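Novice: The numbering used here puts the first residue of the sequence shown at 11, with every later residue one more than the last. Sharing a structure here in structure tokens format.
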Amino acid sequence: MDCIFCKIASGETEASIIYEDEDILAFKDLNPQAPTHILIIPKKHIESLSACSQEDSALLGNIQTAAAKIAKELNVSEAFRLVTNNGAKAGQSVKHLHYHLLAGRRMMWPPG
Ligand code: DGP
């Protein structure tokens, strides 16, 4: 499988890693859309949130608590956005579940 985020998770491709545990990896986005822009991924390949099942519930919860921890470590706890683009029409370009942690500028609502 030719998945760029699997390659980052395995260490085959370099990334600026911010956080890692047994199941989760977080690294800087290559094309940042905010002063802080981190991607948080499960190490195991899951195509998108739609591809998750009940057995992924703990992993999904752990991603959120990891996001809060990362935000705290990066001193952006007060205001950040955590978002996943699910499907090409929603802006998903990499087919490996990932959450964008964005902070450091005013966020617009609704997102485009
Ligand atoms: P999305 O459009 O939601 O699928 O977001 C994919 C993000 O992944 C996009 O913001 C750019 C980032 N990205 C793509 N390829 C790489 C890469 O090789 N390294 C890193 N660090 N980020 C990448």
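Think of the CB as a built atom: it goes at the ideal place given N, C-alpha and C, for glycine as much as any other residue. Keep in mind that this is a model prediction, so the values were computed, not measured.
Could you pull out every residue in the same chain whose Cβ sits closer than 6 angstroms to the Cβ of residue 95, ignoring the five residues on either side in sequence?
Specialist: Result list for residue 95: 101 and 102, in chain order.
Novice: Select from 97, 37 and 32 the residue whose C-alpha is nearest the C-alpha of residue 15.
Specialist: Checked all of 97, 37 and 32; the closest Cα to residue 15 is 37.
Novice: In angstroms, rounded to a whole number, what distance separates the CA positions of residue 68 and residue 107?
Specialist: Roughly 15 angstroms separates the two Cα atoms.
Novice: Can you tell which of 122, 22, 111 and 119 has its C-alpha closest to the C-alpha of residue 42?
Specialist: The shortest C-alpha separation from residue 42 is found at 111.
Novice: Within the present structure, is the beta-carbon of residue 3 separated from the nearest heavy atom of the ligand DGP by less than 6 angstroms?
Specialist: Absent from the model: residue 3. The displayed extent of the chain is 11 to 122, so no value can be given.
Novice: Am I right that residue 4 and residue 80 are in contact with their C-beta atoms under 8 angstroms? What's the rounded C-beta distance?
Specialist: Shown here, the chain extends from 11 to 122; a query on residue 4 therefore has no answer.
Novice: What does the alpha-carbon distance come out to for the pair residue 51 and residue 20?
Specialist: Going by the C-alpha atoms only, they are around 12 angstroms apart.
Novice: Could you tell me whether any non-hydrogen atom of the ligand DGP is closer than 6 angstroms to the CB of residue 40?
Specialist: The answer is yes for residue 40.
Novice: Could you tell me which of 44, 13, 11 and 26 sits nearest to residue 118, measuring between CA atoms?
Specialist: Residue 118 has its Cα closest to that of 44, out of 44, 13, 11 and 26.
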